[in-house]
Amino acid sequence: MVRFKLNRRRVFAHSTVAAATTSGVLVGTIPIPIPDAAILGPVEIAEVNALAKIYGINNDEDSRKFLNSIVEVGTVSIAAKTAINALKAIPGINIGATVLNAVIAGGIVAALGEACVYAFEQVYLGNKSVRDIDRITKFMESKLASGMVDRLSEVLKNVKEGMSPQQIAEVVLKAMFTK
């Protein structure tokens, strides 16, 4: 029964990450005069809060501190900024800025979601606690940094001009969840 409940939560969690990733890709495709981060922040916060609910993380003071630290890691991650700059410098990437922005935005949201699923699952299983903020934020930072540039580079090889945001999101999700 425990395994069934965990698998059910995973399905809901991955569906949530997919929806948030698609939203991130959409944000990246819209040419707006403000930084994408201003709009991605609320998408990331909604993703983290939805995943927390799926894994039954309560709304007490410790949990709020825990969730706030996770959101901070995701929205101001040095790893994410490094990935953005590194991807823009890859020779041979001949896609438009809009598609590149969509891939990066979707990739950041997907990576944050993937890391949250793992962290929240550890809390749900009792392996970690919401009081383990330092350990979990370090894990989140490493998860966002490890291989992100490689994964998004792989995505860029498979994304073509003219693809819909949904198609781009599918490519991003496949790269983020199959390694």
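Under my numbering, the letters of the sequence shown match residues 12 to 190, in that order. Just so it is clear, CB atoms sit at the ideal spot from N, CA and C, and this is done for glycine as well.
query: DSSP-derived helix/strand/coil call for Met151; result: helix
query: Backbone CA spacing between Met159 and Glu125 [nearest angstrom]; result: 12 Å
query: Rounded straight-line distance, which links the Cα of Thr32 to that of Leu163; result: 13 Å
query: Distance between beta carbons of Met187 and Ala121, contact taken as under 8 Å; result: 4 Å
query: Local Cβ density within 10 Å of Pro53, reported as buried at 16 or more and exposed below that; result: exposed
query: Nearest-angstrom Cβ-Cβ length linking Val114 and Ile179, presumed shorter than 8 Å; result: 6 Å
query: Close-in-space but distant-in-sequence residues of the same chain around Arg21 (CB under 8 Å, 5 per side omitted); result: Val128 and Glu132
query: Simplified DSSP state of Glu132, which is helix, strand or coil; result: helix
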